[in-house]
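Protein chains in written order, with my numbering: chain S, 121 to 367; chain X, 121 to 367. Everything below concerns the one structure shown next.
There are 2 protein chains.
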Amino acid sequence: MIDVILNHKSIRKYKDEPVNQSLLNKILLAATRASTTGNMQVYSIIVTTDKKVKEQLWEAHFKQNMVLQAPVILTFCADFNRFNKWCRLREAEPGYDNFLSFFTAAIDALLAAQNAALAAEAFGLGICYLGTTTYNADQISVILNLPSDVVPVTTLVAGYPDENPFLTDRLPLEGVIHYERYKDYTPADIDKIYAEKDSSELTKKLLKENNLKTLAQIFTQKRYTKKDNELFSEKLLKVIQKQGFKF
Amino acid sequence: MIDVILNHKSIRKYKDEPVNQSLLNKILLAATRASTTGNMQVYSIIVTTDKKVKEQLWEAHFKQNMVLQAPVILTFCADFNRFNKWCRLREAEPGYDNFLSFFTAAIDALLAAQNAALAAEAFGLGICYLGTTTYNADQISVILNLPSDVVPVTTLVAGYPDENPFLTDRLPLEGVIHYERYKDYTPADIDKIYAEKDSSELTKKLLKENNLKTLAQIFTQKRYTKKDNELFSEKLLKVIQKQGFKF
């Protein structure tokens, strides 16, 4: 268990080999054993293996190759639709059309996703999360026919790995852990926490390629720019509200 | 690995036995191996073991006994503070004061939390998530001295179990999984999916105790009422914005 967790690597190249239904069921069952608020299970998982639907999702995920290549795409959605329908059929009036309920359902969906990711890895598959899910949640909702009260929050691609990348670096534990209360960072703390990342060979290579001075500039000017973040932020807020969560 | 996942039970009673630092470090390390957007690790984990701080958190978590009883409380926070500070010290201007960035950081925090939960269980500890984190995130932010750009999104209590509850029920797999696209539920689907839950012995007991007709009414009238949801929704939106994520 711990080995699976410690050896997680995102896989971006997959073999042309399907995942059989029995294995997929084990992974999906593992997903549903995650903790869920009040045991409401306010999430849904959409399994996509069909080439045509995958092509549409590929467009929504900025044409990342692995979306076409991986045999299985799992879209995890915050879902109050099923629960609300149940309430209405049981003489109960649901009050879950608000931001808290959306966020509760998103938590449910994300814990289920991480169970699925680890289960897949335990069975020898590789996985990768697609952060693009929140950028183009509106487009994905249309592709997957999501009804009201359902919003996609993350996606996993899964399949048999066709690469074996190195373990990626992480900040030292003391960089992300606080004891008792939050201890804010001094500039010296930041220097220490980011020392390895700032000066790694990978960083040097990236700086040369991008003709920039610091790794942080690669994040702010190339990967996650203010302009993009604000655009996708607006889109995400709109789709959450359009799907029925009012705020 | 799979066994740990399949046997997860939320533990609400704990032995009076501390978790040693070496074991805690293993759990925290496992948390940091979870996938994270762009390897930014935009989360922080606050470890609380001090009795006085625990008492304050206990108040914020609606005085649930396990918050005092469990030796370790882990508060998982969406955190762009550290990353923004790093950017500013590296001649990069961060553009992460928006809803998308908050949500990205929340995803990071939640995947790390589920890794911590499973690692703890793999080592023989019990855990329970506290959904009350999002209800009283404002109060928790004050208790834990959270600076701008940091918002608590979930909490785990952990320790040696002093109970061995039954595995809780889950909806049948076909109730939460969709193939290719979302297939909306007919009333007959809902009846089938919820059949076991609607008629279980536990449900019968709850209906008698609450003098209500359906389990759904227990959710809408007792556990998660529209009024409470709307109140906590407003509070949560306010604290996210107060902490610096504008929308």
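A virtual CB, placed ideally from N, CA and C, is assigned to each residue, including glycine.
Annotation for S:A308: the continuous alpha helix (DSSP H) segment containing it runs P307 to S319. X:H298 has S:I166 as its beta-bridge partners, per DSSP. Along the segment 275-299 of chain X, the positions whose C-beta sits under 8 angstroms from a C-beta of chain S are T288, D289, R290, L291, L293, G295, V296, I297, H298 and Y299, read in chain order.
Here the C-alpha atom of S:C207 lies approximately 27 angstroms from the C-alpha atom of X:H128. Counting C-beta pairs closer than 8 angstroms gives three or more between the segment 252-259 of chain S and the segment 171-181 of chain S, which meets the contact rule. The secondary-structure analysis by DSSP pairs S:Y134 across a beta bridge with S:P281. Across the set X:A151, X:V296 and X:N201, the C-alpha of X:V296 shows the shortest separation from the C-alpha of S:N145. Identification of residues in the segment 142-175 of chain X having a C-beta nearer than 8 angstroms to some C-beta of chain S yields N145, K146, L148, L149, A150, T152, R153, A154, S155, T157, G158, N159, M160, Q161, Y163, S164, I165, I166, V167, T168, T169, D170 and V173, given in sequence order. Taken atom to atom, the span from the alpha-carbon of S:A150 to that of X:A242 is near 15 angstroms. Interface with chain X (8 angstroms Cβ-Cβ cutoff): S:T334 is included. For S:F223, at least one C-beta of chain X is nearer than 8 angstroms to its own C-beta.
Under the Cβ criterion (8 angstroms, minimum of three pairs), the segment 278-285 of chain X does not count as touching the segment 307-322 of chain S. Interface criterion met: the Cβ of S:W206 is under 8 angstroms from a Cβ in chain X. Inclusion of S:I263 and S:V187 in the CB contact set at 8 angstroms is not warranted, their separation being larger than that value. Taking every protein chain shown into account, the CB of S:A308 has fewer than 16 other CB atoms within 10 angstroms, so this residue is exposed. By the criterion of at least three beta-carbon pairs nearer than 8 angstroms, the segment 266-278 of chain S is in contact with the segment 224-244 of chain S. Restricting attention to alpha helix (DSSP H) runs no shorter than 4 residues, the segment 136-195 of chain X encloses them at 141-152, 171-180 and 185-189, ordered along the chain.
Burial is judged here by how many other beta carbons sit within 10 angstroms of a residue's own beta carbon; S:S142 has fewer than 16 and is exposed. For S:I247, the uninterrupted beta strand (DSSP E) segment begins and ends at G246 to Y249. Contact with chain S is found for X:F339, since one of that chain's Cβ atoms lies less than 8 angstroms from the residue's Cβ. For X:T254, a Cβ of chain S is located within less than 8 angstroms of the residue's own Cβ. Under DSSP, the beta-bridge partners assigned to S:P272 are S:C197.
Counting other Cβ atoms within 10 Å of its Cβ, X:G244 stays below 16 and is therefore classed as exposed. No Cβ of chain S is located within less than 8 angstroms of the beta carbon of X:V139. Taking a 10 Å sphere around the C-beta of S:A315, we find fewer than 16 other C-beta atoms and assign the residue as exposed.
With contacts defined as CB atoms closer than 8 angstroms, S:I338 and S:L357 fail to qualify as a contacting pair. Taking a 10 Å sphere around the C-beta of X:T288, we find fewer than 16 other C-beta atoms and assign the residue as exposed.
Residues of chain X with a Cβ closer than 7 angstroms to the Cβ of S:N235 are, in chain order, I125 and Q234.
Bounds of the alpha helix (DSSP H) holding X:E350 are K346 to K362. At a cut-off of 8 angstroms between C-beta atoms, X:N331 does not count as an interface residue with respect to chain S.
About 16 angstroms separates the beta carbons of S:R343 and S:C248, which is beyond the 8 angstroms limit, so they are not a contact pair.
Listed along chain X is no residue with a C-beta nearer than 9 angstroms to that of S:V271; the closest approach is about 11 angstroms.
Within 10 angstroms of the beta-carbon of X:L293 lie fewer than 16 other beta-carbons, which makes it exposed. Not flagged as an interface residue toward chain S: X:Y134, since no C-beta distance is shorter than 8 angstroms.
Scanning its chain for C-beta atoms nearer than 7 angstroms, with the 5 sequence neighbours on each side dropped, one finds around S:L238 the residues V124 and I125, in chain order.
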